[in-house]
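Visitor: For the protein sequence lines, the chains are X and C, in the order given.
The first sequence lines up with residues 525 to 925 when you count with the working numbering.
The second sequence lines up with residues 525 to 925 when you count with the working numbering.
Glycine is no exception: its CB is placed at the ideal position from the N, C-alpha and C atoms.
Protein chains: 2
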Amino acid sequence: MINIINIAILGFGNIGSGVADVLKRNMALVNSAVGDEIYIKYVLDKRDLSQTPYADRAVHDFETILSDDSVSIVCEMLGGTQPAYDYSMAALKAGKSVITSNKEVVARFGINLVKAASENGVYYLYEASVGGAIPIVRTMKGALIGTEINRIDGILNGTTNYILTRMHDCSLSFDDALSEARRLGYAETNPTADISGADSCRKICILAAVAWGAMVPSELVHCEGITDITTEDEEFARSCGGVLKLVATAKKVNEVISLCVTPCVVLSGNPIASASEAFNAVKIDAGDMGNIMLYGMGAGKYPTASAIISDMIYAAGMRDKHHSERGWYDLSKVAEYADIRYAWCVLAQTSSDEIASVLPKACFLSRSDDECTFICEDISLKELKEKMSEMTVKKLIRALV
Amino acid sequence: MINIINIAILGFGNIGSGVADVLKRNMALVNSAVGDEIYIKYVLDKRDLSQTPYADRAVHDFETILSDDSVSIVCEMLGGTQPAYDYSMAALKAGKSVITSNKEVVARFGINLVKAASENGVYYLYEASVGGAIPIVRTMKGALIGTEINRIDGILNGTTNYILTRMHDCSLSFDDALSEARRLGYAETNPTADISGADSCRKICILAAVAWGAMVPSELVHCEGITDITTEDEEFARSCGGVLKLVATAKKVNEVISLCVTPCVVLSGNPIASASEAFNAVKIDAGDMGNIMLYGMGAGKYPTASAIISDMIYAAGMRDKHHSERGWYDLSKVAEYADIRYAWCVLAQTSSDEIASVLPKACFLSRSDDECTFICEDISLKELKEKMSEMTVKKLIRALV
Chain X
525 MINIINIAIL GFGNIGSGVA DVLKRNMALV NSAVGDEIYI KYVLDKRDLS QTPYADRAVH
585 DFETILSDDS VSIVCEMLGG TQPAYDYSMA ALKAGKSVIT SNKEVVARFG INLVKAASEN
645 GVYYLYEASV GGAIPIVRTM KGALIGTEIN RIDGILNGTT NYILTRMHDC SLSFDDALSE
705 ARRLGYAETN PTADISGADS CRKICILAAV AWGAMVPSEL VHCEGITDIT TEDEEFARSC
765 GGVLKLVATA KKVNEVISLC VTPCVVLSGN PIASASEAFN AVKIDAGDMG NIMLYGMGAG
825 KYPTASAIIS DMIYAAGMRD KHHSERGWYD LSKVAEYADI RYAWCVLAQT SSDEIASVLP
885 KACFLSRSDD ECTFICEDIS LKELKEKMSE MTVKKLIRAL V
Chain C
525 MINIINIAIL GFGNIGSGVA DVLKRNMALV NSAVGDEIYI KYVLDKRDLS QTPYADRAVH
585 DFETILSDDS VSIVCEMLGG TQPAYDYSMA ALKAGKSVIT SNKEVVARFG INLVKAASEN
645 GVYYLYEASV GGAIPIVRTM KGALIGTEIN RIDGILNGTT NYILTRMHDC SLSFDDALSE
705 ARRLGYAETN PTADISGADS CRKICILAAV AWGAMVPSEL VHCEGITDIT TEDEEFARSC
765 GGVLKLVATA KKVNEVISLC VTPCVVLSGN PIASASEAFN AVKIDAGDMG NIMLYGMGAG
825 KYPTASAIIS DMIYAAGMRD KHHSERGWYD LSKVAEYADI RYAWCVLAQT SSDEIASVLP
885 KACFLSRSDD ECTFICEDIS LKELKEKMSE MTVKKLIRAL V
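1. Between C/K832 and chain X, is any beta-carbon pair separated by less than 8 Å?
2. Indicate whether X/S621 and X/I529 have their beta-carbon atoms separated by less than 8 Å.
3. Find the residues of chain X that neighbour C/A797, judging by a C-beta separation of less than 9 Å, and give them in chain order.
4. Is it buried or exposed, X/N794, if we count other Cβ atoms within 10 angstroms and call 16 or more buried?
5. Inspect the beta-carbon positions of X/N626 and X/E651 and report whether they are closer than 8 Å.
6. Could you check whether the Cβ of C/P577 sits closer than 8 Å to any Cβ belonging to chain X?
7. Thinking X/Y686 and X/A717 are a contact (beta carbons under 8 Å), I'd like their distance in whole angstroms, please.
8. At a CB distance below 8 Å, what residues from the stretch 649 to 673 of chain C approach chain X? Give them in sequence order.
9. How far does the beta strand (DSSP E) with X/E587 in it extend, from its first residue to its last?
10. Taking the alpha-carbon positions, what's the C/L744 to C/V858 distance?
11. In whole angstroms, what separates the C-alpha of C/D863 from that of C/S782?
12. Using a C-beta cutoff of 8 Å, does C/M525 count as contacting chain X?
13. Please confirm if the stretch 880 to 887 of chain C is in contact with the stretch 822 to 841 of chain C, defined as three or more CB-CB distances below 8 Å between the two stretches.
14. Look at the alpha carbon of C/S556 and the alpha carbon of X/D677, and state the distance between them as a whole number of angstroms.
15. Closer than 8 Å, CB to CB, is X/M817 near chain C or not?
16. Could you tell me whether the Cβ of C/N778 comes closer than 8 Å to any Cβ of chain X?
17. Going by CA-CA distance only, name the one from X/N815, X/A823, X/I679 and X/I673 that's closest to X/K775.
18. What does a CB cutoff of less than 6 Å around C/T773 pick up in its chain, not counting 5 residues either side in sequence?
19. Rounded to a whole number of angstroms, what is the C-alpha to C-alpha distance between X/S792 and X/L680?
20. What residues from chain D crowd round X/Y826, counting only those whose CB sits closer than 9 Å?
21. Taking all protein chains shown into account, do 16 or more other C-beta atoms lie within 10 angstroms of the C-beta of C/M525, making it buried, or fewer, making it exposed?
22. Put X/N685 into one of helix, strand or coil per three-state DSSP.
23. Which whole-angstrom value is the C-beta distance of X/Y648 and X/L616, which I expect to be below 8 Å?
24. Assign X/S856 to one of two classes, buried (16 or more other C-beta atoms within 10 Å of its C-beta) or exposed (fewer than that).
25. Going residue by residue through the stretch 708 to 778 of chain X, where are the continuous beta strand (DSSP E) segments of at least 3 residues, counting only ones entirely within it?
26. In terms of DSSP beta bridges, what is X/A872 paired with?
27. Identify which residue in X/N778, X/D545, X/E849 and X/I903 has its Cα closest to the Cα of C/M813.
28. Please work out which residues of its chain come closer than 7 Å, Cβ to Cβ, to C/T689, disregarding the five sequence neighbours upstream and downstream, and give them in chain order.
29. Under DSSP, the beta strand (DSSP E) around C/D677 begins and ends at which residues?
30. Determine whether the Cβ of X/L731 lies closer than 8 Å to any Cβ atom of chain C.
31. Can you tell me where the alpha helix (DSSP H) with C/D835 in it begins and where it stops?
32. Say whether chain X places a C-beta atom closer than 8 Å to the C-beta of C/L553.
33. Under a Cβ-count criterion, where at least 16 other Cβ atoms within 10 Å of its own Cβ denotes burial, should X/H584 be classed as buried or exposed?
34. Along the chain, where does the alpha helix (DSSP H) containing C/K885 start, and where does it finish?
35. Excluding the 5 residues preceding and the 5 following C/L702 in the sequence, name in chain order all residues of the same chain whose CB lies nearer than 8 Å to its CB.
36. C/N550 touches chain X at which residues, Cβ-Cβ below 9 Å?
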């Protein structure tokens with residue numbers, strides 16, 4: 525017997541209308557995957573939807589959805605934390621699964637929402653909140669669930685990656701690349717959340733929570749954006765054999781979890797160096813599995829809508845399955861950025877002999893009598909600066925080897 | 525209440541002993557993911573296991589395992605088609621899930637085994653048979669299940685990729701690179717299945733079956749290996765801005781499915797170009813999701829063992845869930861390789877004007893008065909050869925743009 529699974533769409537903007545489009549287009553595939561029939565029963569939006577195919581299903585009051593027991597899945601694509609959070613919480617408590625693309629809500633209130641879902645035997649799913657179409661959350665919760673995760677490095681923001689790609693490929697300045705990204709619709713009118721690194725920061729917090737259950741408040745994460753990047757930095761990265769990317773990193777070493785978002789020289793041997801333009805990539809150091817990398821469209825109407833639908837199929841197909849997601853806990857004590865060991869690309873105004881005497885592990889990329897470029901791995905910023913305290917450091921950028 | 529889930533390991537070679545090792549090392553993680561306790565009750569091998577920790581669980585007769593109703597999961601890592609196929613079929617019919625790394629069995633008998641699993645309400649899982657640790661099968665059956673899959677391109681064999689990487693990076697000849705791969709354990713004493721492309725071929729057949737349910741007999745697939753590759757081909761690929769890889773491709777265009785395995789010039793903008801040495805990469809053109817790429821260790825004891833364990837967790841955790849996998853069907857009518865549209869890198873002894881007159885879409889990479897190099901996309905080999913029948917073609921290699 526085929527059942528109807530009623531869903532509600534909250535927010536009929538870019539992503540919300542994309543979900544409706546893709547559902548319509550792929551209806552046969554989706555229904556066959558679920559084994560039942562998905563039906564959009566309500567669309568909630570402040571706007572007038574009378575000119576859309578969903579005019580007869582438009583509602584302006586969330587209570588209508590909440591009180592309708594026939595609705596089992598709510599897709600929240602409202603943006604902003606309120607009323608998105610309140611609606612999500614109310615839906616979960618009413619026994620409805622919630623699917624979201626809203627990274628702000630997941631990063632800030634994920635602990636409560638994951639807990640509420642578990643307590644009410646429903647799902648809170650957020651694949652679309654990180655990496656667009658890339659099935660990173662599902663992979664970590666599924667294929668990688670039996671493997672220790674040691675480290676995650678991600679290019680998680682399409683806007684900044686587009687800007688950096690243009691700076692790299694066409695030697696544009698940051699301002700010119702940003703203007704172009706705006707013109708092409710890759711950057712919003714107010715691109716602050718992207719270029720400040722805040723967006724990447726929320727996403728790496730979500731991935732760390734998935735990996736280790738530890739939700740670090742994003743305000744506590746060391747986060748540098750790309751606003752101060754110069755064409756000189758870009759050229760330096762190139763001279764090191766790499767490319768400049770905004771990289772979010774989460775590490776767990778001896779039970780200490782640390783997160784950061786910074787511009788990074790990604791050396792060409794690292795597979796995430798291949799993510800250019802608006803693509804995203806996430807590399808996971810997954811214990812016995814070795815390094816796994818996932819790459820795909822990090823944003824965009826249809827890629828993000830597809831991730832929502834992928835979660836929808838999961839929630840619908842698995843609705844009778846007992847489940848309990850591991851709860852998240854609040855990790856407010858994090859290590860200082862300067863104390864965590866990373867790799868670094870350095871341009872120093874000194875001889876390579878002098879560098880080698882204080883940093884025996886330095887790997888030189890170029891050297892002259894009074895200047896040298898090198899990579900130093902597995903050392904904290906604090907220690908690196910101490911060792912080089914007598915020297916003139918002309919460039920110092922985190923690296924991904 | 526915690527239940528014990530008894531498993532049996534068939535074949536205690538490299539992968540089989542790896543499964544035992546990883547299970548032991550990650551026991552807490554695995555059991556927590558399953559919610560119950562996994563226990564290795566039997567290890568079947570012809571060899572004497574008295575010096576291993578599994579001496580008391582060693583059996584030489586499959587009947588012991590088959591007739592023990594307390595065994596719910598059988599991990600088949602025997603290699604070869606027999607008795608692997610018979611054991612797998614018997615286990616499925618006895619209501620035991622079967623997990624395998626044996627691509628030969630999956631590619632040849634997958635249709636029967638998938639069907640038997642479905643009929644008996646158990647699982648036949650084969651993640652480890654394609655792409656080592658890369659969770660490609662799970663991703664296609666999970667996150668991508670609601671999306672049309674148009675095309676799959678994969679670097680699916682670590683041995684050949686290692687050889688080609690060494691030819692590229694160090695200008696080694698094929699023979700020298702193969703000798704080195706053997707010395708380092710990347711190639712077997714008899715590397716025929718790898719270097720002939722047969723291994724990649726079986727794997728792309730499996731991926732096509734997962735994507736579209738269509739199991740193409742691997743004998744029917746156009747398959748070229750890397751044995752005839754010269755350093756000249758390698759240099760040509762480089763001059764085109766790419767790198768030579770052994771690429772397996774599966775396409776579905778207007779309901780026509782076509783598969784092939786050939787050396788390919790992978791242009792540097794394509795993310796699978798980043799897969800070097802023994803890494804594998806699979807790129808999927810996934811409709812609304814856009815291009816997705818997964819990358820990871822394509823072989824090796826622990827990566828492959830981890831994929832087995834990942835399937836084990838799935839089979840154990842989902843054992844009470846009703847499921848029916850889409851059946852596979854036998855697709856013995858496939859399009860001719862020469863009729864399928866691909867992209868090509870060509871070096872022709874003629875002027876670019878002449879080329880442009882017959883191939884208006886050709887994109888020139890270099891040209892002189894009497895020679896030119898160009899890329900031509902979306903054209904069949906037959907058509908390309910017809911158009912150039914009056915010209916001297918000095919190099920012609922399939923390309924991935």
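Guide: If we stick to the structure as given:
1. Here the question's residue 832 of chain C lines up with position 308 in the second sequence. Note on residue identity: the sequence assigns Ile, not Lys, to residue 832 of chain C. Judged by the 8 Å Cβ criterion, C/I832 is not in contact with chain X.
2. Start at 1 with the first residue of the first sequence, and residue 621 of chain X comes out as number 97. Start at 1 with the first residue of the first sequence, and residue 529 of chain X comes out as number 5. For X/S621 and X/I529, no; Cβs fall outside 8 Å.
3. Position 273 of the second sequence holds residue 797 of chain C. Those are S798, listed as they occur along chain X.
4. Taking the first residue of the first sequence as 1, we reach residue 794 of chain X at position 270. Buried, since its Cβ has 16 or more Cβ neighbours within 10 Å.
5. Within the first sequence, residue 626 of chain X is the residue found at index 102, counting from 1. Within the first sequence, residue 651 of chain X is the residue found at index 127, counting from 1. Result no, Cβ atoms of X/N626 and X/E651 do not sit closer than 8 Å.
6. For the purposes of this step, residue 577 of chain C is taken as residue 53 along the second sequence, with counting starting at 1. With 8 Å as the cut-off, C/P577 does not count as an interface residue toward chain X.
7. The sequence position of residue 686 of chain X within the first sequence is 162, counting from 1. The sequence position of residue 717 of chain X within the first sequence is 193, counting from 1. About 15 Å; that fails the 8 Å criterion.
8. E651, A657, I658, P659, R662, T663, G666, A667, L668, I669, G670, T671 and E672
9. By one-based count along the first sequence, residue 587 of chain X stands at place 63. No beta strand (DSSP E) contains X/E587, which is instead part of the alpha helix (DSSP H) from F586 to L590.
10. Counting from one through the second sequence, the residue named residue 744 of chain C turns up at place 220. Counting from one through the second sequence, the residue named residue 858 of chain C turns up at place 334. The straight-line gap from Cα to Cα measures roughly 8 Å.
11. Within the second sequence, the letter at position 339 stands for residue 863 of chain C. Within the second sequence, the letter at position 258 stands for residue 782 of chain C. Spanning the two alpha carbons is a distance of roughly 10 Å.
12. Here residue 525 of chain C corresponds to residue number 1 of the second sequence, with the count starting at 1. Judged by the 8 Å Cβ criterion, C/M525 is not in contact with chain X.
13. no
14. As a position in the second sequence, residue 556 of chain C is number 32, starting the count at 1. As a position in the first sequence, residue 677 of chain X is number 153, starting the count at 1. Cα to Cα, C/S556 sits roughly 25 Å from X/D677.
15. Within the first sequence, residue 817 of chain X is the residue found at index 293, counting from 1. Yes, its Cβ sits closer than 8 Å to a Cβ of chain C.
16. Here residue 778 of chain C is taken as the residue at index 254 of the second sequence, counted from 1. Closer than 8 Å: no.
17. One-based indexing of the first sequence puts residue 775 of chain X at position 251. It is X/I673 whose Cα lies nearest to the Cα of X/K775.
18. Within the second sequence, residue 773 of chain C is the residue found at index 249, counting from 1. D677 and C784, listed in sequence order.
19. Start at 1 with the first residue of the first sequence, and residue 792 of chain X comes out as number 268. Start at 1 with the first residue of the first sequence, and residue 680 of chain X comes out as number 156. The alpha-carbon atoms of X/S792 and X/L680 are separated by roughly 18 Å.
20. In summary, chain D is missing from the structure at hand, where the protein chains are X and C.
21. Here the question's residue 525 of chain C lines up with position 1 in the second sequence. Exposed.
22. If you number the first sequence from 1, residue 685 of chain X lands on position 161. Reduced to three states, the DSSP call for X/N685 is helix.
23. Walking along the first sequence from the start, residue 648 of chain X turns up at place 124. Walking along the first sequence from the start, residue 616 of chain X turns up at place 92. With 8 Å as the limit, X/Y648 and X/L616 qualify as a contact, their Cβ atoms being about 6 Å apart.
24. As a first step, residue 856 of chain X must be located in the first sequence, where it is residue number 332. With fewer than 16 Cβ atoms within 10 Å of its Cβ, X/S856 is classed as exposed.
25. 766 to 777
26. Taking the first residue of the first sequence as position 1, residue 872 of chain X is located at position 348. X/C896 and X/V917.
27. Taking the first residue of the second sequence as position 1, residue 813 of chain C is located at position 289. Measuring from the Cα of C/M813, the nearest candidate turns out to be X/D545.
28. Within the second sequence, numbered from 1, the residue matching residue 689 of chain C stands at position 165. For C/T689, where only same-chain residues beyond five positions count, the Cβ hits under 7 Å are S800 and E801.
29. For the purposes of this step, residue 677 of chain C is identified with residue 153 of the second sequence, where counting begins at 1. Here the beta strand (DSSP E) through C/D677 covers R675 to I679.
30. As a position in the first sequence, residue 731 of chain X is number 207, starting the count at 1. Not one chain C Cβ lies under 8 Å of X/L731.
31. To locate residue 835 of chain C, count along the second sequence from 1; it is residue 311. K825 to G841 is the span of the alpha helix (DSSP H), which, as asked, contains C/D835.
32. Looking up residue 553 of chain C in the second sequence gives position 29. Interface residue, yes.
33. In the first sequence, the residue the question calls residue 584 of chain X occupies position 60. It counts as exposed.
34. Residue numbering aside, residue 885 of chain C sits at position 361 when the second sequence is read from its first letter. Neither: C/K885 is in no alpha helix (DSSP H) and is coded neither H nor E.
35. For the purposes of this step, residue 702 of chain C is identified with residue 178 of the second sequence, where counting begins at 1. Excluding positions up to five away in sequence, the list reads I687, A711, P715 and I719.
36. Within the second sequence, the letter at position 26 stands for residue 550 of chain C. Those within 9 Å of C/N550 in chain X are G670, T671, E672, G811 and D812.
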